[in-house]
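Residue numbers (this note's numbering): 92 to 290.
To start, the structure itself, in structure tokens.
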Amino acid sequence: MRLLQRPRCRLDLPDQTGGVASTATHLRRCLDDDQLPRDLRITGALLLLFGHPIGRTVRLTAAHYRTVDDNHYLQLGRTPVLLPPSLAVLITEQLNQPAPTPLANTLETTTWMFPSPHPGTHRQAKGLYERLAALGITVRSGRRAVLMALAQDLPAGVLASLIGIHASTATAWSHELKRDWTAYLATRINPPNTANHDK
């Protein structure tokens with residue numbers, strides 16, 4: 092099985108991607124701030140590194156996570172992706188936490204990364220959405236910024252395999268990136284002439 096190295100995610104896109112400086116700041120906080128709850132750090136980091144939707148993050152299990160030669164991988168799409176060490180530590184701790192209730196500990200057969208108090212299921216995404224928003228992380232714009240940054244560096248087929256989106260969706264992101272950059276560069280090269288605007 093082929094393992095994919097973590098891509099270098101460029102966060103230098105024009106402003107219409109959703110605020111790249113804010114995205115980078117929030118990512119650093121998710122990876123490094125020990126004062127934040129671990130579940131928010133993991134969901135925020137997966138969102139801001141790989142554009143992984145919260146609704147799919149809560150369905151991750153121990154089976155999606157593996158270690159090969161001291162490197163840690165998470166399977167978000169067809170190809171497992173290499174995790175930064177700080178995120179791997181958080182995920183390891185999350186998977187090793189006690190079950191939320193004694194009943195879940197007795198009956199649960201799946202090791203969920205985000206287990207529900209009710210055996211046999213995972214946590215709901217809604218609560219994580221709301222808690223991330225309270226930290227200033229807007230899921231929709233944050234994911235857009237990351238997907239466009241990844242589309243800048245990776246072919247559509249690789250991007251689709253990496254983060255588990257359809258190839259046509261990855262292609263659409265690549266095309267949208269080209270349109271946004273073309274418009275952005277056009278305004279930089281040929282700024283509107285406002286010299287005679289008030290005459």
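By construction, the Cβ of each residue, glycine as well, lies at the ideal position given by its N, Cα and C atoms.
Small disclaimer: the values here were computed from a predicted structure and weren't measured.
Check: Could you check if A236 is buried or exposed, using at least 16 other CB atoms within 10 Å of its CB as the buried criterion?; Outcome: buried
Check: How would you label C100, buried or exposed, when you count the other beta carbons within 10 angstroms and need 16 or more for buried?; Outcome: Confidence is the limiting factor: at C100 the pLDDT is only 43, short of 50, which leaves the residue's position unreliable, though a coordinate-based value still follows. So C100 ends up on the buried side.
Check: According to DSSP, is G146 part of a helix, a strand, or is it coil?; Outcome: helix
Check: State buried or exposed for D244, treating a residue as buried only when at least 16 other CB atoms are found within 10 Å of its CB.; Outcome: exposed
Check: With a 10 Å radius around its C-beta and 16 neighbouring C-beta atoms as the bar for buried, classify Q185 as buried or exposed.; Outcome: buried
Check: How is R157 classed by DSSP in three states: helix, strand or coil?; Outcome: strand
Check: Taking only the alpha-carbon atoms, compute the straight-line gap between L131 and Y156 and give it to the nearest angstrom.; Outcome: 18 Å
Check: Quick one: does R132 have its CB under 9 Å from some CB of chain C?; Outcome: Here there is only one protein chain, and chain C is not present.
Check: Work out the CA separation of G211 and G227 for me, nearest whole Å.; Outcome: 32 Å
Check: State buried or exposed for R120, treating a residue as buried only when at least 16 other CB atoms are found within 10 Å of its CB.; Outcome: buried
Check: Tell me whether T212 sits in a helix, a strand or coil according to DSSP, three-state version.; Outcome: coil
Check: Nearest CA to the CA of G248: which residue from T170, T134 and S232?; Outcome: T170
Check: Return the first residue and the last residue of the alpha helix (DSSP H) that L241 is part of.; Outcome: V230 to D244
Check: May I have the straight-line CA-CA distance separating I133 from L181, to the nearest angstrom?; Outcome: 7 Å
Check: Is it the case that the Cβ atoms of L138 and L241 are separated by a distance below 9 Å?; Outcome: no
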